[in-house]
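Q: Would you mind keeping the following structure in view while I ask a few things?
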Amino acid sequence: SYVLGIETSCDDTGIAIVDTAGRVRANVLESQQEFHTRYGGIIPPRAQDLHRARIESTYQRCLAEAQLQPEELAAIAVTTRPGLPMSLLVGLRFARHLTRRLQKPLLPVHHMEAHALQARMEHPKEIRFPFLCLLASGGHCQLAVVHGPGRLALLGQTLDDAPGEAFDKIGRRLRLHILPEYRLWNGGRAIEHAALLASNPLAYEFPLPLAQQRNCNFSFAGIKNNSFRAIKTREREELTPPDGVISNYGDFCAGLLRAVSRHLMHRTQRAIEYCLLPNVRLFGDAPPTLIMSGGVANNDVIYANIAHLAAQYGCRSFRPSKRYCSDNGVMIAWHGVEQLMQDKEGSLRFDYDHIDIQGTAGFAESHEEA
Ligand code: ATP
Ligand code: FE
32 SYVLGIETSC DDTGIAIVDT AGRVRANVLE SQQEFHTRYG GIIPPRAQDL HRARIESTYQ
92 RCLAEAQLQP EELAAIAVTT RPGLPMSLLV GLRFARHLTR RLQKPLLPVH HMEAHALQAR
152 MEHPKEIRFP FLCLLASGGH CQLAVVHGPG RLALLGQTLD DAPGEAFDKI GRRLRLHILP
212 EYRLWNGGRA IEHAALLASN PLAYEFPLPL AQQRNCNFSF AGIKNNSFRA IKTREREELT
272 PPDGVISNYG DFCAGLLRAV SRHLMHRTQR AIEYCLLPNV RLFGDAPPTL IMSGGVANND
332 VIYANIAHLA AQYGCRSFRP SKRYCSDNGV MIAWHGVEQL MQDKEGSLRF DYDHIDIQGT
392 AGFAESHEEA
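Residue numbers (full-length UniProt numbering): 32 to 401.
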């Protein structure tokens, strides 16, 4: 059977259909990047208007691509949190309207859980519950033990910025978007590409955040502020024009990637060692399987570093295919499939009027500090 997934938590209108074996029948994604780049960021009412204008046509394109009738869908999954409330509401209203018309269950999806479970769609045999997950995206940075949909135990999270957010702001400050090749790219992707151009990748060094803290939390504000300062100093030295980019931006990006990688590795190492402690032994005698997910998992340098670290502990690591690391409808539909698979008593909700943009299944409650 088929699950339709609707994602409108931020600036992408994504609708997809996935079957219970994890085969993607259709995946339609309408990005708003082009509009938001013009204003240097997302303006929530504008994002809402764009979702509204596009959601019906995105849905129709999705059905056409899948060559399915709406009656063939088993359930509708929709992101209910976290995200921009105005954007979330568009998806939720549309999902309610569909479920009412089709008399199908509405499955509320926590966006970060969907990022966390996505790799299972492509590696169902290798990735069993529980697994260790590093979620690094535009709004979050978390380490969690994932036991199933709605069942995550948080080991640590960012105290300030998310890494994707830091990449986006630093990319903007560097003015990478004025280079034609990066015009429509997000900051993270542009920085990854620019780092390949470095002639002296060791030119920039950043201090390791939270080096003395014995926990699994993250902090990216220091790296961000140090970046702003380093860029300003370089601009003064070279007399960069106000609409120009410093000449050694490749070196800078390489240093930045190294700093972010080191921090992510340092905290992930702590998480792995915690799981392996004799009095914890979260995964029995076996090393945990490590999943990295969220938009920052697109980054080959960062992922390679994390996978290398994990391998030293005997952990296997996985990430979703790149097209599924960033926001999309597939991960929402797949989370819906996971919910269907867990629902042995057939207790799925039809009382869709009570599902609001906070969702129903308690994420906050189940995501206690482990
Ligand atoms: P959240 O999932 O926390 O609500 P989001 O949905 O906005 O936030 P995602 O779509 O998961 O975030 O990821 C977007 C982020 O990923 C952006 O901040 C972007 O800079 C970052 N990103 C995308 N590609 C790369 C890359 N190649 N390297 C590093 N970062 C990247
Ligand atoms: Fe996301």
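C-beta atoms are modelled at their ideal positions from N, C-alpha and C, and glycine is treated no differently.
If you're wondering where the values come from, they're calculated on a predicted model, not measured in any experiment.
Considering only residues of the same chain and omitting the five flanking positions on each side of Ile126, which have a CB-CB separation below 7 Å?
A: For clarity, residue 126 is Ala in the given sequence; the question names Ile instead. Correct list, in chain order: Ile37, Ile107, Val109 and Leu137.
Q: Please tell me whether Leu115 and Tyr305 are closer than 8 Å, where the distance is taken between their beta carbons.
A: Not in contact: Leu115 and Tyr305 (Cβ atoms no closer than 8 Å).
Q: Just to confirm the assignment: which complete beta strand (DSSP E) runs, minimum length 3, are found wholly within the region 228-313?
A: Whole beta strand (DSSP E) segments, 3+ residues: zero.
Q: Quick one: measure Cβ to Cβ for Gly45 and Asn359, integer angstroms, because I've assumed they're closer than 8 Å.
A: 5 Å between Cβ atoms; contact.
Q: By Cβ distance, which residues of its chain are closer than 6 Å to Ala221, with the 5 residues on each side in sequence left out?
A: Once the five neighbours on either side are set aside, the close Cβ partners of Ala221 are Gly202, Leu207 and Tyr213.
Q: Sorted by chain position, which residues of the same chain lie with C-beta nearer than 8 Å to Asp199's C-beta, five sequence neighbours on each side aside?
A: Excluding residues within five positions, the ones whose Cβ falls inside 8 Å are Gly169, Asn217, Gly218 and Gly219.
Q: Can the beta-carbon of Gly326 be found less than 8 Å from the beta-carbon of Ser357?
A: Yes, they are a contact pair.
Q: Distance check for Ala84 and Asp43, CA to CA, integer angstroms please.
A: Approximately 12 Å, taken between the alpha carbons.
Q: Locate the beta strand (DSSP E) running through Val327, then write down its first and last residues.
A: Premise fails: Val327 is in no beta strand (DSSP E) and is neither H nor E.
Q: When we look at the beta-carbon of Asp331 and count the other beta-carbons within 10 Å, is it buried (16 or more) or exposed?
A: With fewer than 16 other Cβ atoms within 10 Å, it is exposed.
Q: Verify whether the separation of the beta carbon atoms of Asn248 and Gln188 is less than 8 Å.
A: Cβ atoms of Asn248 and Gln188: closer than 8 Å.
Q: With which residues is Ala126 paired in a DSSP beta bridge?
A: Bridge partners of Ala126: none, in fact.
Q: Could you spell out where the beta strand (DSSP E) holding Pro136 opens and where it closes?
A: No beta strand (DSSP E) contains Pro136, which DSSP labels as neither H nor E.
Q: What residue does the beta strand (DSSP E) around Glu61 start on, and which one ends it?
A: Note, Glu61: beta strand (DSSP E), Val55 to Ser62.
Q: So, with DSSP's three-state summary, where would you put Arg159?
A: If DSSP states are grouped into helix, strand and coil, Arg159 belongs with coil.
Q: Please classify Tyr70 as buried or exposed, where buried requires at least 16 other C-beta atoms within 10 Å of its C-beta.
A: The residue is exposed, with fewer than 16 neighbouring Cβ atoms inside 10 Å.
Q: Just checking my contact of Ile158 with Ile322 at CB under 8 Å: how many whole Å lie between their CB atoms?
A: Correct: roughly 7 Å between the Cβ atoms.
Q: CA-CA distance, Ser88 and Asn329?
A: The alpha-carbon atoms of Ser88 and Asn329 are separated by roughly 28 Å.
Q: To the nearest angstrom, report how far apart Leu295 and Leu165 are at their CA atoms.
A: Those two C-alpha atoms are separated by around 9 Å.
Q: Is any heavy atom of the ligand ATP found at a distance shorter than 7 Å from the C-beta of Phe198?
A: The answer is yes for Phe198.
Q: Taking DSSP as the reference, what is the three-state secondary structure of Ser88?
A: Correct three-state label for Ser88: helix.
Q: For His154, which of Ser352, Gln370 and Ala338 has the nearest alpha-carbon?
A: Checked all of Ser352, Gln370 and Ala338; the closest Cα to His154 is Ser352.
Q: Check Gln100 in the structure and name its three-state DSSP category.
A: Looking at Gln100 - three-state DSSP - the assignment turns out to be coil, as it is neither helix nor strand.
Q: Identify whether Ile48 lies in helix, strand or coil by the three-state DSSP scheme.
A: Ile48 falls in the strand class under three-state DSSP.
Q: Taking the beta carbon of Gly122 as the centre, do at least 16 other beta carbons fall within 10 Å, making it buried, or is it exposed?
A: With 16 or more other Cβ atoms within 10 Å, it is buried.
Q: If we call anything under 8 Å between Cβ atoms a contact, is Val259 one with Ala193?
A: Correcting the residue identity first, residue 259 is Phe in this sequence and not Val. Going by C-beta atoms, Phe259 is not nearer than 8 Å to Ala193.
Q: Give the straight-line distance between the Cα atoms of Ile363 and Phe66, rounded to the nearest whole angstrom.
A: So the two alpha carbons sit approximately 24 Å from each other.
Q: Report the rounded CA-to-CA distance for Leu120 versus Thr111, giving the unit in angstroms.
A: Using only the alpha carbons, I get a separation of about 8 Å.
Q: Could you give the DSSP three-state label for Cys172: helix, strand or coil?
A: DSSP places Cys172 in strand when its eight states are reduced to three.
Q: I'd like the list of long-range same chain contacts for Thr39, defined as Cβ closer than 6 Å, with 5 residues on each side in sequence excluded.
A: So the qualifying residues of the chain are His82, Ser118, Val121 and Gly122.
Q: Could you give the first and the last residue of the continuous alpha helix (DSSP H) run that contains Tyr355?
A: Its alpha helix (DSSP H) spans residues Lys353 to Cys356.
Q: Can you give me the Cβ contacts of Ser397 inside the same chain, cut-off strictly under 7 Å, excluding the 5 residues immediately before and after it?
A: Interpretation of Ser397 is limited by its pLDDT of 38, a score under 50 that renders its predicted location unreliable; the figure taken from the coordinates is listed afterwards. Excluding residues within five positions, the ones whose Cβ falls inside 7 Å are Gly181, Arg182 and Leu183.
Q: Count the other CB atoms within 10 Å of the CB of Arg151; is the residue buried (16 or more) or exposed (fewer)?
A: Classification for Arg151: buried.
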